[in-house]
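*Asks:* Before I ask anything, let me first share the structure, which is written out below as structure tokens.
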Amino acid sequence: MSNQLPVINLMGPTASGKTALACELYERGNFELISVDSALVYQDMDIGTAKPTKEEQAQYPHHLIDIITPLEVYSAAEFVEDAYRLIDEIHARGKTPILVGGTMLYFKSLLEGLSENLPSADLAIRAEIEAKAEQQGWQAVYDELKLVDPLAGEKFKVSDKQRIIRALEVFKITGQPITKLQAEQPKNVAYRYNFHNYALIPDRAELHQRIEMRLKKMWEIGFLNEVEYLMIKYDLDENLPSARSVGYRQALDFLKNSDKSHKNKLEMEDKSLFATRQLAKRQYTWLRSLQEAHQFRTYLTIKQAQEDLRNLHG
Numbered sequence: 025m026s027n028q029l030p031v032i033n034l035m036g037p038t039a040s041g042k043t044a045l046a047c048e049l050y051e052r053g054n055f056e057l058i059s060v061d062s063a064l065v066y067q068d069m070d071i072g073t074a075k076p077t078k079e080e081q082a083q084y085p086h087h088l089i090d091i092i093t094p095l096e097v098y099s100a101a102e103f104v105e106d107a108y109r110l111i112d113e114i115h116a117r118g119k120t121p122i123l124v125g126g127t128m129l130y131f132k133s134l135l136e137g138l139s140e141n142l143p144s145a146d147l148a149i150r151a152e153i154e155a156k157a158e159q160q161g162w163q164a165v166y167d168e169l170k171l172v173d174p175l176a177g178e179k180f181k182v183s184d185k186q187r188i189i190r191a192l193e194v195f196k197i198t199g200q201p202i203t204k205l206q207a208e209q210p211k212n213v214a215y216r217y218n219f220h221n222y223a224l225i226p227d228r229a230e231l232h233q234r235i236e237m238r239l240k241k242m243w244e245i246g247f248l249n250e251v252e253y254l255m256i257k258y259d260l261d262e263n264l265p266s267a268r269s270v271g272y273r274q275a276l277d278f279l280k281n282s283d284k285s286h287k288n289k290l291e292m293e294d295k296s297l298f299a300t301r302q303l304a305k306r307q308y309t310w311l312r313s314l315q316e317a318h319q320f321r322t323y324l325t326i327k328q329a330q331e332d333l334r335n336l337h338g
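Printed below as a string of structure tokens:
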């Protein structure tokens, strides 16, 4: 339809190079950038989130960075509301929005719409579910989910902890299975946009190398000092969604619960590396599932993407 306005989605796992690519496109065309990253929304969480520096943000402004404190919660529904508003404002300025990031739930919600009958997160209920997992193990929590929502039990594995928490949380709040509520949700509510979906999906071995280099740099430029500062300024608690971000969780545990020996520090760095690789693995899975439902162009390397997108103009 000719009245559909273009929206460019640039997705990829952590450390794949998508931000650098988006900044390059920004320089070449009539674009504005919207961050699609659930960690970049937090103020003062800079090093561990690989947030563009203040200088980079001045040169390549991103919407939806630094919008809340680490003590606040930001949901996928809030993201969709903010993103639609920004997309419309950018189009009104005669520009094309580029949405760039790795939070695939946000992209999925944007492309498919969100169920209005899905409740917001409830931190008390989440803490209760996590306490049960700690006491009885994740298998017990997974078994509880299978009882109340057999369909979710079939879809998820016992290792899908975040999804299990969310499904049980929704059931405890609404008394209805999340699969039933999701089935009732409106699809493709963003009918007025013409989405162009691009994904950087590097070879796993190469991505693992990039992740390792990024983490090494993080430790070198003072990531632990940043977490100590957050603990002082915000009394950061490991149960907050912000503190569950990869790297922060491991660093908080090290600073709060260890003797801070060199051995424990190395162990914490290894745990952070493993957790970041696991995050990338989940992002690959999300991307594959999104690709099944939506049209995508994927690239193995930044160079490939640069060549293909060189004629892209806002």
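With the working numbering applied, the sequence shown covers 25 to 338.
Glycine residues also receive a C-beta, built at the ideal position from the N, C-alpha and C atoms.
Measure the alpha-carbon distance for residue 104 versus residue 94 and round it to whole angstroms.
*Replies:* One C-alpha to the other measures close to 20 Å.
*Asks:* Work out the CA separation of residue 266 and residue 159 for me, nearest whole Å.
*Replies:* Going by the C-alpha atoms only, they are around 24 Å apart.
*Asks:* Hey, out of 71, 38, 31, 110, whose CA is closest to residue 300's CA?
*Replies:* Measuring from the Cα of residue 300, the nearest candidate turns out to be 38.
*Asks:* Where does residue 59 fall in DSSP's three states?
*Replies:* DSSP places residue 59 in strand when its eight states are reduced to three.
*Asks:* With a CB to CB cut of under 6 Å and the five nearest residues on each side skipped, what residues in its chain are close to residue 66?
*Replies:* Taken in chain order, the residues that qualify are 94, 266.
*Asks:* If you draw a straight line from the C-alpha of residue 271 to the C-alpha of residue 207, how long is it?
*Replies:* Taking the straight line joining both Cα atoms gives about 34 Å.
*Asks:* Taking only three categories from DSSP, how would you classify residue 292?
*Replies:* Three-state DSSP puts residue 292 in a helix.
*Asks:* Is DSSP giving residue 212 helix, strand or coil here?
*Replies:* Residue confidence for residue 212 is low, a pLDDT of 48 falling below 50, so the modelled location carries little weight; the figure read from the coordinates is stated next. Note: residue 212 maps to coil in three-state DSSP.
*Asks:* I'd like the list of long-range same chain contacts for residue 146, defined as Cβ closer than 7 Å, with 5 residues on each side in sequence excluded.
*Replies:* 193, 197, listed in sequence order.
*Asks:* Given that a residue counts as buried once 16 or more other Cβ atoms are within 10 Å of its Cβ, and exposed if not, what is residue 313?
*Replies:* With fewer than 16 other Cβ atoms within 10 Å, it is exposed.
*Asks:* Measure the C-alpha to C-alpha separation of residue 212 and residue 202 and round it to an integer number of angstroms.
*Replies:* Summary for residue 212: the model assigns pLDDT 48, below 50, so the residue's position carries little reliability; its value from the coordinates is reported in the next sentence. Looking at the two C-alpha atoms, the distance is approximately 19 Å.
*Asks:* Alpha carbon to alpha carbon, how far is residue 184 from residue 137? Give it in angstroms, no decimals.
*Replies:* Rounded to whole angstroms, residue 137 to residue 184 spans 22 Å at the Cα level.
*Asks:* Under DSSP, the beta strand (DSSP E) around residue 321 begins and ends at which residues?
*Replies:* Element bounds for residue 321: 321 to 323.
*Asks:* Leaving out five residues before and five after residue 258 in sequence, what residues of the same chain have Cβ atoms less than 6 Å from its Cβ?
*Replies:* Answer for residue 258: 94, 95, listed in chain order.
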